[in-house]
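As structure tokens, the structure follows; a few thoughts come after it.
Number of protein chains: 2
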Amino acid sequence: MNAVINKDRLWESLMQLAEIGATPKGGVCRISLSDEDRRARDLFCTWARDAGCDIRIDAIGNIFARRPGNDAAAAPVVTGSHIDSQPLGGKFDGAYGVMAGLEVVRALNDAGIETAAPLEIVDWTDEEGARFAAGCIGSGVFSGHRDLNDALSLSDAEGTTVADALREIGYAGDIAPGSIPFKAYFEAHIEQGPVLEAAGLPIGTVIGAQGQRCFMVTLTGVDGHAGTLPMAKRQDTFVGTAKITVALSELAATYDPPAVITVGHVRVSPNSRNTIPGRTVFTIDSRHPDTDVLQRMEADITRICTDIAKADGLELQMDAVTRAEPVAFDPGCVDAVRTACRERQIRFMDIHSGAGHDACKIAAVAPTGMIFVPCEDGISHNELESARAEDLATGAQVLLDAMVKVAG
Amino acid sequence: MNAVINKDRLWESLMQLAEIGATPKGGVCRISLSDEDRRARDLFCTWARDAGCDIRIDAIGNIFARRPGNDAAAAPVVTGSHIDSQPLGGKFDGAYGVMAGLEVVRALNDAGIETAAPLEIVDWTDEEGARFAAGCIGSGVFSGHRDLNDALSLSDAEGTTVADALREIGYAGDIAPGSIPFKAYFEAHIEQGPVLEAAGLPIGTVIGAQGQRCFMVTLTGVDGHAGTLPMAKRQDTFVGTAKITVALSELAATYDPPAVITVGHVRVSPNSRNTIPGRTVFTIDSRHPDTDVLQRMEADITRICTDIAKADGLELQMDAVTRAEPVAFDPGCVDAVRTACRERQIRFMDIHSGAGHDACKIAAVAPTGMIFVPCEDGISHNELESARAEDLATGAQVLLDAMVKVAG
Numbered sequence: 001m002n003a004v005i006n007k008d009r010l011w012e013s014l015m016q017l018a019e020i021g022a023t024p025k026g027g028v029c030r031i032s033l034s035d036e037d038r039r040a041r042d043l044f045c046t047w048a049r050d051a052g053c054d055i056r057i058d059a060i061g062n063i064f065a066r067r068p069g070n071d072a073a074a075a076p077v078v079t080g081s082h083i084d085s086q087p088l089g090g091k092f093d094g095a096y097g098v099m100a101g102l103e104v105v106r107a108l109n110d111a112g113i114e115t116a117a118p119l120e121i122v123d124w125t126d127e128e129g130a131r132f133a134a135g136c137i138g139s140g141v142f143s144g145h146r147d148l149n150d151a152l153s154l155s156d157a158e159g160t161t162v163a164d165a166l167r168e169i170g171y172a173g174d175i176a177p178g179s180i181p182f183k184a185y186f187e188a189h190i191e192q193g194p195v196l197e198a199a200g201l202p203i204g205t206v207i208g209a210q211g212q213r214c215f216m217v218t219l220t221g222v223d224g225h226a227g228t229l230p231m232a233k234r235q236d237t238f239v240g241t242a243k244i245t246v247a248l249s250e251l252a253a254t255y256d257p258p259a260v261i262t263v264g265h266v267r268v269s270p271n272s273r274n275t276i277p278g279r280t281v282f283t284i285d286s287r288h289p290d291t292d293v294l295q296r297m298e299a300d301i302t303r304i305c306t307d308i309a310k311a312d313g314l315e316l317q318m319d320a321v322t323r324a325e326p327v328a329f330d331p332g333c334v335d336a337v338r339t340a341c342r343e344r345q346i347r348f349m350d351i352h353s354g355a356g357h358d359a360c361k362i363a364a365v366a367p368t369g370m371i372f373v374p375c376e377d378g379i380s381h382n383e384l385e386s387a388r389a390e391d392l393a394t395g396a397q398v399l400l401d402a403m404v405k406v407a408g
Numbered sequence: 001m002n003a004v005i006n007k008d009r010l011w012e013s014l015m016q017l018a019e020i021g022a023t024p025k026g027g028v029c030r031i032s033l034s035d036e037d038r039r040a041r042d043l044f045c046t047w048a049r050d051a052g053c054d055i056r057i058d059a060i061g062n063i064f065a066r067r068p069g070n071d072a073a074a075a076p077v078v079t080g081s082h083i084d085s086q087p088l089g090g091k092f093d094g095a096y097g098v099m100a101g102l103e104v105v106r107a108l109n110d111a112g113i114e115t116a117a118p119l120e121i122v123d124w125t126d127e128e129g130a131r132f133a134a135g136c137i138g139s140g141v142f143s144g145h146r147d148l149n150d151a152l153s154l155s156d157a158e159g160t161t162v163a164d165a166l167r168e169i170g171y172a173g174d175i176a177p178g179s180i181p182f183k184a185y186f187e188a189h190i191e192q193g194p195v196l197e198a199a200g201l202p203i204g205t206v207i208g209a210q211g212q213r214c215f216m217v218t219l220t221g222v223d224g225h226a227g228t229l230p231m232a233k234r235q236d237t238f239v240g241t242a243k244i245t246v247a248l249s250e251l252a253a254t255y256d257p258p259a260v261i262t263v264g265h266v267r268v269s270p271n272s273r274n275t276i277p278g279r280t281v282f283t284i285d286s287r288h289p290d291t292d293v294l295q296r297m298e299a300d301i302t303r304i305c306t307d308i309a310k311a312d313g314l315e316l317q318m319d320a321v322t323r324a325e326p327v328a329f330d331p332g333c334v335d336a337v338r339t340a341c342r343e344r345q346i347r348f349m350d351i352h353s354g355a356g357h358d359a360c361k362i363a364a365v366a367p368t369g370m371i372f373v374p375c376e377d378g379i380s381h382n383e384l385e386s387a388r389a390e391d392l393a394t395g396a397q398v399l400l401d402a403m404v405k406v407a408g
């Protein structure tokens, strides 16, 4: 088979897409269902139509772009990712998976190759979770992890719901999420970590993903005047938050290196320099590839929060907002990726994903695999996120070969 | 002298004023130069005019309401405070001093008493510092601690300057700040601390105020993905902020009990639950009544920030935004307050102020004294801030007697 990825075209598409929501330091701010997200969606739809695809939108705003096969009855072989970003995100996280899918279709068109099963490119709604306090909304609804109506009624900090936002940007579709059966799903993504780069390898065949426990914690104490209330009489929720954060950072180091714990979102109230904070809300994100270890970490985290809140006289509320179990990808899909590498003599290694991805949700309803490519210094969720055009093209080539192999 | 404070009228005025910007838990949100501040200023001006006062506004928005005396050449004896509040502040902080001044004028009117020197009630602009990152703006400009043009060009988080905000609410006056010489200045205020309540005394004669050092700290590290970047490779600014906050809390406890250190304002960036924070900005507020101790605390604070930033691989920027030296009030004014208490057989104690007040600025340009009354549980900068009508009336009576004694 001689369909070959066009490295420069793939790079050019990524750079054009990155102009939408571009930030000063070379990243993108393309918050889910914002006007920037709409413009990026519009551009993707235009490009996909130009490449001969039919576009359908489902009720949670997922976009499906289908390249017909010659077996009209066959379920599609699907690829994709997301084009929303973190508030200060990079050009490749998510966008690469969607543009790689587009490049697969364009390369097959160039080569005049028709597959038996249709191919389909998908842009999943709100993978990042930066706006509605829940990630993987589109793939989560599609795969039945999340109820459609619950997802539509999630609201952002301004009180705008997902349903409102979808209508505003014109992406409230009519087909039922999950109604399209997949023959298989592949997702290409930058690694977002330092492993492939350190190993000097262009491809990671992803065999599974870390599990995740994410908590929203609220500490309530008593506001007070910063000049007059003696230290011993304070119920300072930010000092409590600081103690918990330091303890969690030390806790993570007591587990195996893949264990990570992050306090990434913090809101201090009233947030005035001369008032002792009477209320602090923050998130705790913990991850590990082993369910048992993840459970032990959760118990430790709960104990740390409880003990510190009690010692400091603070009221503690702690809610689990995400409990994602570790995922094992489909052996057939993983093998299709490995075989594609071997046939082109591309060096690869098996790898676990540290991040959650849409593929982790889809794995529950379709045979799923992922392809990782290296990114510079392992940096992601950062404007400085960077990847090499050669590696991105190599990943897309492996994706093309694996998809065609499965589609026939 | 038989001018007697009307306890119920004073209370009623405080309660009416507290309706402007009222919060659900019984506090007020009357941010400086907001529409709520404007409405409160308008109400004060109406009441002061009804009590026979002439209103003048200076170029930084300070309001002066003068009750004429029979010696037209005499400098006024002045009292007042501020009617702006913290974002979640109480009904009495500041408002009490202005309403007590109004009640002094009303009680003298009722008794038909004319003083030799004029009496004047002042509402100082933006004491709280909750909006423009600097407190005591009005009294600071009046007393020459702060340049008028610098103050007018301070801007809030939305980029609105003090000058713009004054024009918007109609309080950009034309008289030059500081052009009114004061014979003396007295300020009545709730203690905002637990000392008077614990001692069971209705009046504190304030002999001076704690000095203050306030710093704005910025830690810069590297944003990163919360799932994929190993703990050992992180440059997490929120963990750095947490370590500094815990260390400062421990540091404060190593000094004498009046030493306080507070981290009250914190901004985490990008503030997303699955991104390691690459930048955190926070404030450190430290106070002590002794200049030497304050200097030692500053050196310790600087060392803690420097050491932790270095150990965690973070870039540190640290700016002193406030350096207020301890203040000693005028012995003559302090004695006038003590004498007023003795003559009415009111029990009192000498006290240091833990908070900064407009009086601390005015002390540099006029003989100054302060009168503290207890507040419930020492709670202030809090919606639950509370004080007893009896104590507030006692404080206003002492204020009246002291002012009349000095005014002649």
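Residue numbers (the working numbering), protein chains in the order written: chain A, 1 to 408; chain B, 1 to 408. We put the beta carbon where it would ideally sit given N, CA and C, even for glycine.
- According to the DSSP assignment, glycine 208/A belongs to the beta strand (DSSP E) that extends over 203-209.
- Here glycine 200/B is not near aspartate 312/B, since their CB atoms are 7 Å or more apart.
- Burial state of methionine 370/A is buried, judged by a 10 Å Cβ sphere holding 16 or more other Cβ atoms.
- In chain order, Gln235 and Gly278 place their CB closer than 7 Å to the CB of valine 222/B, counting only its own chain and leaving out the 5 sequence neighbours on each side.
- By alpha-carbon distance to glutamine 317/A, the top candidate from Ala72/A, Arg131/A and Met216/A is Met216/A.
- At least one C-beta of chain B is nearer than 7 Å to the C-beta of methionine 231/A.
- Taken in chain order, the members of the region 213-232 of chain A whose beta-carbon sits within less than 9 Å of a beta-carbon on chain B are Cys214, Met216, Val222, Asp223, Gly224, His225, Ala226, Gly227, Thr228, Leu229, Pro230, Met231 and Ala232.
- Taking 7 Å as the CB threshold, serine 32/A stays off the interface with chain B.
- Residue state for arginine 66/A is assigned as strand, using DSSP reduced to three classes.
- Taking a Cβ-Cβ threshold of 7 Å, the residues of chain B close to leucine 88/A are Asp223 and Pro270, in chain order.
- For alanine 184/B, the enclosing beta strand (DSSP E) has its first and last residue at 184-190.
- Distance between proline 68/A and lysine 405/A, taken at the CA atoms: about 16 Å.
- In terms of Cβ geometry, glycine 211/B and threonine 339/B do not form a close pair [threshold 7 Å].
- For the pair isoleucine 57/B and serine 81/B, the Cα-to-Cα distance works out to about 15 Å.
- Within the region 75-152 of chain A, the complete alpha helix (DSSP H) runs of at least 4 residues fall at 95-111, 137-142 and 148-152.
- Under the Cβ distance rule, arginine 146/A does not count among the residues neighbouring chain B, no pair being separated by less than 7 Å.
- Within the region 205-253 of chain B, the runs of beta strand (DSSP E) at least 3 residues long that lie entirely inside it are, in chain order, 211-220.
- Boundaries cannot be given for valine 263/B, as no beta strand (DSSP E) includes it and DSSP labels it neither H nor E.
- Assignment of isoleucine 308/B by DSSP, reduced to helix, strand and coil, places it in the helix class.
- The three-state secondary structure of arginine 273/B, taken from DSSP, is coil.
- At a cut-off of 7 Å between C-beta atoms, asparagine 6/B does not count as an interface residue with respect to chain A.
- Straight through space, the alpha carbons of serine 353/B and proline 374/B are spaced by roughly 12 Å.
- Apart from sequence neighbours up to five positions away, the residues of its chain that approach threonine 161/B with a beta-carbon distance below 6 Å are Ser153 and Ser155, ordered along the chain.
- Assigned with DSSP and collapsed to three states, alanine 324/A falls in strand.
- Note on geometry: alpha-carbon atoms of asparagine 382/A and proline 367/B lie some 56 Å from one another.
- The beta carbon of threonine 160/B sits no closer than 7 Å to any beta carbon of chain A.
- Checking the DSSP bridge columns, you'll see histidine 288/A partnered with Gly211/A.
- Per the DSSP secondary-structure output, glutamate 315/A pairs in a beta bridge with Thr220/A.
- Bridge partners of isoleucine 55/A according to DSSP: Ala65/A.
- Excluding sequence positions up to five before and after cysteine 53/A, its CB lies within less than 6 Å of the CB of Ala65, Arg66 and Arg67, all in the same chain and listed in chain order.
- For glycine 395/A, no pairing in a beta bridge is given by DSSP.
- It is roughly 19 Å from the alpha-carbon of glycine 138/B to the alpha-carbon of serine 272/A.
- In the structure shown, the three-state DSSP call for alanine 40/A is helix.
- Nearest in C-alpha terms to lysine 361/B, of all of Thr280/B, Ile261/B, Ile346/B and Glu127/B, is Glu127/B.
- Segment contact: the region 132-151 of chain A against the region 20-30 of chain B, fewer than three CB-CB distances shorter than 8 Å; contact not assigned.
- Cα atoms of tyrosine 96/B and aspartate 110/B: separation of roughly 20 Å, rounded to the nearest angstrom.
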